[in-house]
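Here is the structure we will look at.
Shown next as structure tokens:
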């Protein structure tokens, strides 16, 4: 079965609460795209000026919405994520996506996350050579292929180069879980799975659906 993960570009804690309430009981995991205006030009909660709830979470006065029912995966759309991961480890995330071009300390980051029992995925853009990824394959849990070099925004179209990249990864690493984020829709999803993707991450398709359960079931059974 294809893993389906709703993606959130959170404007606020309330935004997370509202969206997660719509998928609670349908999926076991959501992905938070966190951006501080560096690696991606956009800014999301908690880097957009309102971090009060984050402080309360770190003080253990509250948790991420529905934390006892939902696993959180954080996609670090920030430069030098090594300065941020300690905070998110303390928040209690289950999984992290680190982008290859965002840091010079991948080995250090991967080790720290794995030592904290957090799944690690490496994000690669359509323009990223697969050769930059190879030495890390044995250390990580999955690869996340970004559907476009333009990251950090909703509704971006899929770059056709992604299909070739997924097929190449699948040929080289038959057992590797491959996620796709950006450009997953009714038209592209079947083609992405056919190419070798095993995990589909989508915000627009899922949260824009009239029936989220039906949409998730459709993607899961591709």
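In the numbering used here, the protein residues as written are 35 to 256. We put the CB at the ideal spot given by N, CA and C, even for glycine.
- Residue environment analysis places residue 109 among the buried positions, since at least 16 neighbouring C-beta atoms fall within 10 angstroms of its C-beta.
- Taking a cut-off of 8 Å for Cβ pairs, the segment 63–79 and the segment 109–126 touch, as three or more such pairs fall below it.
- Annotation for residue 211: no alpha helix (DSSP H) segment contains it, and DSSP assigns it neither H nor E.
- With 16 or more neighbouring CB atoms inside 10 Å of its own CB, residue 74 falls in the buried class.
- The beta carbons of residue 177 and residue 167 sit closer together than 9 Å.
- Annotated three-state conformation of residue 221 is coil, per DSSP.
- In this structure, DSSP gives residue 239 a helical state, which the three-state scheme calls helix.
- Pairing residue 90 with residue 97, the inter-Cα distance amounts to about 8 Å.
- Beta-bridge pairing by DSSP links residue 129 to 107 and 153.
- Judged by DSSP in its simplified three-state form, residue 233 adopts strand.
- For the alpha helix (DSSP H) assignment, the uninterrupted runs of no fewer than 4 residues enclosed by the segment 68–106 are, from N- to C-terminal side, 86–92.
- The criterion of a C-beta distance shorter than 9 Å is not satisfied by residue 234 and residue 203.
- Put simply, of 165, 56, 54 and 255 the residue whose alpha carbon is nearest the alpha carbon of residue 206 is 165.
- Bounds of the alpha helix (DSSP H) holding residue 205 are 195–206.
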